[in-house]
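Colleague: Be aware that the sequence shown starts at -5, since it is given in this note's numbering, and climbs by one per residue.
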Amino acid sequence: MELRNLGKTGIKVSIVGLGCNNFGWKADLEGSRSIIDAALANGINFLDTSDSYGPSEDFIGEVLGARRKDIVLATKFGSPLDEEGKKKGASRAYIAQAVESSLKRLKTDWIDLYQLHFPDPETPIEETLRALDDLVRQGKVRAIGCSNLTGAMLREAMTVAADNGLTPFATTQNEYNLLFRGMEAELGDLIVEHGLGVLPYFPLANGVLTGKYKPGQPAPAGARLADAPAFFDPYKDPAKWELAARLEAFAVERGHSLIELAFSWLAAQPGVSSIIAGASRPEQAAHNAGAAGWKLSATELAEIDRMTAAA
């Protein structure tokens, strides 16, 4: 398994990471244990979760035990809802409480990467960064990152950190895959300018890049998109399914699978530190771990760019 720098932190992470959002949802405690075991056995050392993923943090804390020291552990804060249905956000008071709760659930003394899950329009970014900087100085957190910020938000955050001598975000986690490349235009310049580590989520576009969805056919019974709510509508776009079919043909012609193309293409993109890939079964985690090994040539990358230019 290839190891890469997590942005400019010096922390080494596997090119494929394990997204733990299925723990407690599609996998119970023992199922989660088998998924983590399979991931670690196949070279994955980076686990990503959130305090909003149900019992995910509890399961990870229960399963890792003495292996914690060998794992780069990332979690997120700010997404859980309050009594009024609003995200709890990124205030100093909430961060102080949230980090202690995550540390307790994860059964650890430190978090390697602590990430702002969503922007909080009600809290000045300086307040958030000062609270996170304190956690780094206290040794509770090694590095900080963000997720789902716009380019303008991220630029402001990096400027505020630099102007005030605060720990800057080291990573950005965003939806990024062959079918949805909007992140490049939104954040690409900032990623290069600040040496940010990119942590793509939904690398398989909610399953569209597995090849299970065929143009002109209904979604298979039981598949995620079969009876999905409106949130998933962008992934049900027939044009996306047709593009996925063309990409699959491109991969198969070269002796690879569509999943290998999806992961290996991301691995070839600027700034990508680790690809966040969820799993609901141990064999899925094992398969994902080996999916980023295709070293695409410059010619192949150019052809893929041509095919996905409008994505």
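Ideal Cβ placement from N, Cα and C applies to all residues, glycine included.
Sorted by chain position, which residues of the same chain lie with C-beta nearer than 8 Å to Phe112's C-beta, five sequence neighbours on each side aside?
Modeller: So the qualifying residues of the chain are Gly72, Ser73, Lys81, Ser141, Asn142.
Colleague: Express the C-alpha separation of Gly191 and Gly145 in angstroms, rounding to a whole number.
Modeller: Whole-angstrom Cα-Cα distance: 15 Å.
Colleague: Could you give the DSSP three-state label for Gly139: helix, strand or coil?
Modeller: Three-state DSSP puts Gly139 in a strand.
Colleague: How big is the Cα-Cα spacing for Tyr47 and Asn200?
Modeller: C-alpha separation (whole angstroms): 17 Å.
Colleague: Taking all protein chains shown into account, decide if Ala303 is buried (16 or more other Cβ within 10 angstroms of its Cβ) or exposed.
Modeller: Exposed.
Colleague: Measuring straight from C-alpha to C-alpha, what distance separates Ala261 and Asp128?
Modeller: Rounded to the nearest angstrom, the two C-alpha atoms are 33 Å apart.
Colleague: If you compare alpha carbons, which of Ser85, Ala21, Arg61, Lys230 is closest to Lys101?
Modeller: Comparing Cα positions, the closest option is Arg61.
Colleague: Output the distance between the C-alpha atoms of Arg131 and Ala233, rounded to the nearest integer angstrom.
Modeller: Their Cα atoms are separated by approximately 49 Å.
Colleague: Suppose you measure from the CA of Gly249 to the CA of Arg240; what does that come to, to the nearest Å?
Modeller: Roughly 15 Å between the two C-alpha positions.
Colleague: Tell me where the alpha helix (DSSP H) around Tyr207 begins and ends.
Modeller: Counting along the chain, Tyr207 falls outside any alpha helix (DSSP H), and DSSP gives it neither H nor E.
Colleague: Using only CA atoms, which one of Ala283, Leu172, Glu178, Glu187 lies nearest to Phe196?
Modeller: Ranking the options by Cα distance to Phe196, first place goes to Leu172.
Colleague: Would you call the region 278 to 285 and the region 26 to 33 in contact, with 3 or more CB pairs under 8 Å?
Modeller: The region 278 to 285 is in contact with the region 26 to 33.
Colleague: Quick check on this structure: which residue in Pro264, Glu294, Ala164, Leu123 has the alpha carbon closest to the alpha carbon of Ala90?
Modeller: Selected option, being the one with the closest Cα: Leu123.
Colleague: Using DSSP with H/G/I as helix, E/B as strand and the rest coil, what is Asp103?
Modeller: Residue state, collapsed to three classes: coil.
Colleague: Can you have a look at Arg300 and say buried or exposed, based on whether 16 or more other CB atoms are within 10 angstroms of its CB?
Modeller: Looking at its Cβ environment, which holds fewer than 16 other Cβ atoms inside 10 Å, Arg300 is exposed.
Colleague: Using beta-carbon positions only, say whether Ser251 and Val10 come within less than 8 Å of one another.
Modeller: No, Cβ-Cβ distance for Ser251 and Val10 is not below 8 Å.
Colleague: Below 7 Å CB to CB, which residues in the same chain sit around Ser85 once its five sequence neighbours on both sides are set aside?
Modeller: For Ser85, where only same-chain residues beyond five positions count, the Cβ hits under 7 Å are Thr117, Glu121.
Colleague: Going by DSSP, name the residue or residues bridged to Thr69.
Modeller: Per DSSP, Tyr108.
Colleague: For Glu242, collect the residues of the same chain with a Cβ closer than 7 Å to its Cβ; drop the 5 residues on either side in sequence, then sort them by chain order.
Modeller: Taken in chain order, the residues that qualify are Gly205, Leu252.
Colleague: Cutting at 6 Å between CB atoms, please list the residues of its own chain near His188, excluding the five before and the five after it.
Modeller: Excluding sequence neighbours, His188 sits near Met152.
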